Amino acid sequence: MNDNSYCCKEVGPYYSSVGSHIRHALDFYKCIFKGLESKHVNLTSRDRDKRVENDCNCAISEIEFIADKIKGLHSVDLNLVLDVEDNLGDGNITLQYTLGALLAQANSHTIHHYAIIAYVLDRLDVEIKDENFGYNPTTPMHVLKHTKAS
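Take the position in the sequence shown, starting the count at 1, then add 6; the result is the number in the working numbering.
As structure tokens, then:
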């Protein structure tokens with residue numbers, strides 16, 4: 007993939023780029039790591055770094071950084087309780103999550119954006135070599151095979 011296809015916003019119905027979805031998913035994880043020590047994660051305080059959104063190499067560096075941070079969580083208690091601030095439509099609220107629940111939400115959120123990315127890439131005629139990209143691991147294989155055959 008090159009920066010042109012990574013940044014392309016010509017695919018409807020939302021006209022968003024692969025880069026904007028990658029940046030958005032990474033922002034979610036960055037919020038988690040930013041608030042982990044204080045045990046207060048603010049999901050509304052995102053970086054929205056345009057470099058990650060527009061530059062493949064910058065995005066790759068950020069992905070590697072987040073992957074390393076996730077790998078470093080092996081010794082952290084997933085039952086650690088965090089105050090998580092988010093805006094659900096009526097202003098910011100703070101709810102308590104366990105770290106494990108928040109990471110599960112981040113994973114599901116990322117897969118959702120991968121599905122959108124897969125759609126955009128398909129419309130741009132960019133081949134995805136991972137046939138499971140954008141699908142939740144819990145999706146039954148017979149559904150995947152049926153979907154890909156049609």
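Glycine included, every Cβ here is placed at the ideal spot set by N, Cα and C. Just so you know, these numbers come straight off a predicted model, no measurement behind them.
Following the DSSP letters along the chain, one finds H115 inside the alpha helix (DSSP H) bounded by residues 105-129. C-alpha of Y21 to C-alpha of Y103: approximately 33 Å in a straight line. About 4 Å separates the CB atoms of D92 and L49; that is less than 8 Å, so the two are in contact.
Non-local beta-carbon contacts of G140 in its own chain, meaning distances under 6 Å to residues more than five positions away in sequence, involve Y120, A121, A124 in chain order. When the Cα atoms are used, G106 and N60 turn out to be separated by approximately 31 Å. Annotation for D74: the continuous alpha helix (DSSP H) segment containing it runs 62-77.
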